[in-house]
Structure formats: C-alpha cells, structure tokens
Amino acid sequence: MAVVAIIGAQWGDEGKGKIVDLLAEQARVVVRYQGGTNAGHTIVNQHGTFKMRLIPSGIFNPRIIAVIGNGVVVDPAALLGEMAELEARGIPTNRLLVSERAHVLMPYHALLDQLEETNRAASGQSVGTTKRGIGPAYQDKVARIGIRVGDLVQEETLLSKLSFVLNMKNQLLTKVYGEQPLDLHHIYLQCVDYGHRLRKHILDTHLVIHRALDERHNILLEGAQGALLDIDYGTYPYVTSSSPTAGGACLGAGVPPNAIDNVVGVYKAYCTRVGEGPFPTELEGEQADYLRNQGGEGHREYGTVTGRPRRVGWFDGVAARYVARLNGISGLVITRLDALDDMATIKVCTAYQINDTVVQYMPSDVASLLKAVPIYEELPGWQTPTSSVTEWKELPANARAYLNRLQVLIGARLDIVSVGPDRKQTIMINKPFDALPATVSRYVSTLGDRSAGAKWGGEE
Ligand code: IMP
C-alpha cells in the first residue's frame with residue numbers, strides 16, 4: 388500500500404492529467420484535492436479524448452473510487468455536465484464521491500471574479516484569472532460565509548445561509564459595481580435541484596479515504612494547477628487561491644502528512660505560464676511561437692479552459708529546485724520532451740542575476756523576480772524524433788543527457804518521461820507506487836476502527 392501525491396511543479400498545465408490517468412491503474416482511490424473549474428485536463432486513453440475540469444482522471448477505471456475532496460471548489464453545473472458526458476460515452480460515474488465539506492461555486496462568484504478582474508485591470512493590476520469564480524469562492528470559504536456541498540442537501544440550512552450571503556453579495560453587486568441584484572428564489576431552487584441530482588455522491592469523503600488507509604489500499608492524491616501558483620509560495624499576487632502543493636494535498640483530501648509515501652512532481656521539459664506574473668525564462672517572438680505550436684492538434688500550448696495562448700520559456704532550474712524542496716518531491720515526471728526534438732541547442736536556467744548578485748533561490752517578491760535575469764547553461768539538442776520511444780535506452784544520448792541534467796538540478800529521481808499525449812507515449816523508469824524512496828516513513832494506521840462505518844462509493 389502507498390499514498391502518492393502528484394503535484395504540478397511549475398505554473399500548471401504540466402500534463403498531470405495523463406500521468407494521473409496512467410498511475411490510477413494501480414490505485415484504489417484517486418482524490419482531487421484543490422482548485423476547481425480553473426483547471427483543465429486533457430486525457431487520451433482507450434475510451435477516446437476527454438477534457439475534464441473537476442472529475443479525477445481515475446474515473447476511467449471501474450475499480451477506482453474517484454473523490455472530489457474538501458479542498459476543491461465545486462461548480463455543480465460543470466460537474467453534472469462532466470458526469471453526463473462520461474455516462475453518454477459509456478463511462479459509469481457511480482463511483483464518484485464529492486466531499487460534503489467542499490465549497491460550492493455559486494453564480495455570484497463567477498460574476499464577481501469578472502468584475503474584480505476588470506476593476507484590477509483598470510489600475511494595471513490584472514491577475515489574468517480564468518474568471519470562473521475560483522478566487523471569490525475561496526474568499527467566502529475563508530470569510531466563513533461559503534455554501535458547502537453538504538448544504539445542497541439540507542434545504543432549510545441552505546435557504547437560511549443563502550438568504551444571508553446573497554443579501555451581502557447583492558449589496559456589493561448593486562452599490563459597488565452598479566449591477567443588477569441576483570434572485571434568491573432562482574438560485575435556491577437551482578441549488579436544491581443540484582442537491583437532488585448529486586445526493587448519492589455526497590458524503591464525508593475523508594472517512595472513505597481513511598478506510599482505504601486502514602485497509603492498505605493505494606491512494607493517489609491529484610493536484611490541479613502548479614506549485615508556482617500556490618497562494619503562499621507562488622509568485623504572489625499572480626497566483627491561484629488554493630494550495631496546489633503536497634501540503635495542500637493533506638488539507639484538501641483529509642490525509643495526515645505522514646501518510647504520504649511519495650510526492651511526484653510533474654515538470655514540463657520547458658516552462659509555460661497562463662495569465663499575468665513574473666516568468667524569468669520567458670521567450671518572445673519566433674522561438675516562443677515555435678515552442679507553443681509543438682504537439683499537434685489539440686495539444687499545442689493554448690489553455691484547455693480559456694483557450695488563451697500560453698506564455699512559453701526555457702526550463703527554470705531555480706524555480707524547479709525550489710518547488711522540489713518545498714514539496715519534498717521524491718519522484719520526477721518530465722513531460723513534453725518531444726516538443727524539443729528539433730532544437731539544435733536547449734537552454735536551462737541554473738541561477739538568476741538580480742542587480743549585481745547571482746542567486747540560486749526564488750525570491751518571494753515579484754519586484755525582485757521581475758528583475759531576475761536568467762543565467763543559462765546550453766545543452767546540445769538531439770534533433771531526432773522521440774515521440775515513439777518507450778525505453779530509456781532508446782532515447783538519443785543528448786536527450787538522456789538533458790534529462791539527467793534536469794534530475795541533478797531539481798535534486799530528485801526521474802520516474803517517468805512523457806513523449807506525447809497518448810498513454811503509450813511514456814517511458815516508465817520507476818513506478819511511483821512500487822519504487823518508494825528509501826527514507827519515507829510508511830503510514831501505520833493508528834485510527835483503529837474510526838473509518839469502519841465509511842462506505843465505498845456505489846456500495847449499497
Ligand atoms: P484563478 O485560479 O482563475 O483565480 O487564476 C489565477 C491565476 O492562476 C491566473 O494566472 C490563471 O491563469 C492561473 N491558473 C489557474 N488555473 C490554472 C491552470 O489550471 N493552469 C494554468 N494556470 C492556471
């Protein structure tokens with residue numbers, strides 16, 4: 388049994404969806420632990436191509452319990468839409484569970500996200516959010532005025548909470564932003580309907596996860612976005628509102644820190660970022676366009692959710708190592724190696740020059756990061772296609788040298804290399820559920836029978 392957390396180790400869009408889908412084969416439970424519909428995974432497997440924003444990639448395996456954990460902000464309409472699409476394509480969703488502690492993304496959240504973003508943009512302070520309402524939903528959680536998924540099935544509680552919150556939101560909408568107020572009755576009935584349709588999926592999911600721990604099943608904790616967008620450790624304020632880190636996995640799933648055996652960091656072989664904020668190794672012009680358009684139809688560097696072109700740049704070894712240390716990354720996945728196939732030389736940033744000082748750490752303030760001039764090391768390219776390589780030894784020598792250099796810079800063991808969107812386009816060096824690092828403390832259950840009453844999803 389092992390608990391593996393998969394985190395995005397850059398600014399999101401590292402290709403976690405494919406890796407989760409791949410590793411889920413060995414798991415009994417897959418838990419998404421933060422974020423919301425700001426995320427977008429593209430999964431290509433034997434059932435076809437799927438774009439999902441909320442449902443964990445483990446849903447494709449009929450023996451897996453797929454959990455949307457308490458740390459996620461859930462847009463019920465989007466969730467029901469994803470469920471309907473999966474069902475229509477023959478993928479059952481009866482083993483999908485949603486934490487009753489997760490917060491609901493309400494209609495006023497998306498509206499306020501757009502208004503706040505427009506307001507910030509007017510003063511040159513735009514964050515470039517996905518405008519899905521994620522920030523406002525987490526704001527309400529922290530302000531203790533959020534509607535939780537469990538409230539959707541408690542109609543009286545829902546009405547009383549919603550009346551109070553909507554009154555506040557309507558004051559904000561009308562008096563500050565000059566918008567029309569939202570209708571309580573309409574939103575209430577919509578929520579009641581969501582509650583009815585989701586009722587059998589809603590429960591206190593941490594109990595199910597603890598039962599899996601007690602019974603020594605493999606558990607996969609799936610993060611969204613990336614650690615450099617973390618609310619505390621990302622490039623604040625150009626960040627998302629949750630913690631896509633390994634620490635966030637504990638809180639957002641309800642798993643104790645010492646239960647996690649292996650933290651797998653997913654890095655792209657280069658860097659991308661969507662939205663505003665510092666990006667020291669960013670490329671402009673032709674080189675950027677070239678890299679952005681690698682990967683074939685549907686797999687180019689444009690946002691899955693918003694369609695915005697992603698900013699692209701060289702691999703940032705300083706940021707990569709910072710993330711590895713912050714999260715205790717024990718295994719690495721490097722994705723999109725094939726995008727570099729045609730390059731004659733490839734640059735890797737090994738330090739930043741800030742004013743007159745060379746630094747090897749990531750400064751906490753945006754002003755310093757904006758001044759950071761990357762110091763590059765140049766490595767020879769391999770100029771050979773890699774997208775059908777499935778074995779480490781079949782990779783061109785220069786590609787192996789590049790990957791080895793990244794391993795050293797990051798300071799963790801390379802487990803998997805991805806050379807295309809398909810499951811088959813994978814070089815598996817170590818299986819994260821089998822090859823646990825020597826130093827990890829295996830979880831020993833001290834929970835006795837506390838989880839004994841918890842039911843697996845779909846169990847009668
Ligand atoms: P929000 O999460 O919509 O509030 O957006 C905050 C910042 O995080 C913006 O720069 C977004 O572009 C970025 N962001 C949010 N979700 C993702 C993602 O899944 N991939 C990449 N960037 C994201």
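So our numbering is basically just the index in the sequence shown, starting at one, shifted up by 387.
C-beta: ideal position from N, C-alpha, C; glycine also.
It should be emphasised that the depicted structure is a prediction, and the values quoted were computed from it without experimental measurement.
Where the alpha helix (DSSP H) containing residue i begins and where it ends
{"i": "R810", "result": "Careful: R810 lies outside any alpha helix (DSSP H) and carries neither H nor E."}
{"i": "V804", "result": "It is not in any alpha helix (DSSP H) - V804 instead sits in the beta strand (DSSP E) that spans 800 to 805."}
{"i": "V854", "result": "As shown, the chain starts at 388 and ends at 847. That puts residue 854 outside it, with no answer to give."}
{"i": "K556", "result": "542 to 558"}
{"i": "R584", "result": "571 to 585"}
{"i": "I851", "result": "Not covered by the structure: residue 851. The range shown for the chain is 388 to 847."}
{"i": "G639", "result": "633 to 640"}
Three-state secondary structure (DSSP) of residue i
{"i": "A389", "result": "coil"}
{"i": "L441", "result": "coil"}
{"i": "A396", "result": "coil"}
{"i": "T561", "result": "helix"}
{"i": "R603", "result": "coil"}
{"i": "N791", "result": "helix"}
{"i": "G435", "result": "strand"}
{"i": "R450", "result": "coil"}
{"i": "G422", "result": "strand"}
{"i": "R415", "result": "coil"}
{"i": "I517", "result": "Rather than Ile, the amino acid found at residue 517 in this sequence is Thr. Reduced to three states, the DSSP call for T517 is coil."}
{"i": "V459", "result": "strand"}
{"i": "A825", "result": "Model confidence at A825 stands at a pLDDT of 44, short of 50, so the residue's coordinates are unreliable and nothing is read from them."}
{"i": "I589", "result": "strand"}
{"i": "I814", "result": "strand"}
{"i": "D729", "result": "coil"}
{"i": "I596", "result": "helix"}
{"i": "I430", "result": "strand"}
{"i": "T833", "result": "With a pLDDT of only 33 at T833, under the threshold of 50, the placement of this residue in the model should not be trusted; the figure read from the coordinates follows. Correct three-state label for T833: coil."}
{"i": "G844", "result": "Note on G844: pLDDT 47, under 50, position unreliable in the model; the coordinate value appears next. DSSP places G844 in coil when its eight states are reduced to three."}
Boundaries (first-last residue) of the beta strand (DSSP E) holding residue i
{"i": "A738", "result": "732 to 741"}
Interface flag, residue i vs chain D, CB-CB below 8 Å
{"i": "W701", "result": "Protein chains in the displayed structure number just one, and chain D is not present."}
| message | Report the start-end ranges of each beta strand (DSSP E) in the stretch 744 to 785 that is 3 residues or longer and not cut off at the edges. | response | 744 to 746, 760 to 767
| message | Could you tell me which whole beta strand (DSSP E) segments of length 3 or greater appear in the stretch 467 to 514? | response | 483 to 486
| Between the stretch 788 to 799 and the stretch 681 to 699, do three or more beta carbon pairs fall short of 8 Å? | no
| message | Please give me, in chain order, every unbroken run of the alpha helix (DSSP H) with length at least 4 that falls completely inside the stretch 646 to 727. | response | 672 to 679, 704 to 714
| said: Counting beta carbon pairs with one atom in the stretch 405 to 416 and one in the stretch 654 to 674, are three or more of them shorter than 8 Å? | reply: no
| query | Is the number of C-beta pairs between the stretch 504 to 520 and the stretch 533 to 544 that are closer than 8 Å three or more? | reply | no
| message | With three or more beta-carbon pairs closer than 8 Å as the criterion, would you say the stretch 589 to 597 touches the stretch 565 to 581? | response | no
| task | Determine, using beta-carbon pairs with one atom in the stretch 472 to 492 and one in the stretch 395 to 402, whether at least three such pairs fall under 8 Å. | result | no
| field | Given 8 Å, three or more beta-carbon pairs between the stretch 760 to 773 and the stretch 723 to 735 | value | yes
| request: Answer yes if the stretch 673 to 684 comes into contact with the stretch 742 to 762, meaning at least three C-beta pairs across the two stretches below 8 Å, and no otherwise. | output: no
| Can you find at least 3 beta carbon pairs, one from the stretch 413 to 420 and one from the stretch 451 to 464, that sit closer than 8 Å? | yes
| message | Check whether the stretch 430 to 439 and the stretch 807 to 819 are in contact - that is, three or more C-beta pairs closer than 8 Å. | response | yes
| Inter-stretch contact (C-beta, 8 Å, three-pair minimum) for the stretch 639 to 653 and the stretch 595 to 608 | yes
| message | Count Cβ pairs between the stretch 643 to 658 and the stretch 699 to 706 that sit closer than 8 Å; are there 3 or more? | response | yes
| request: Count the C-beta pairs between the stretch 499 to 513 and the stretch 473 to 487 that are closer than 8 Å, then say yes if the count reaches three, no if not. | output: no
| Are there three or more Cβ pairs, one per stretch, closer than 8 Å when the stretch 611 to 631 is compared with the stretch 466 to 482? | no
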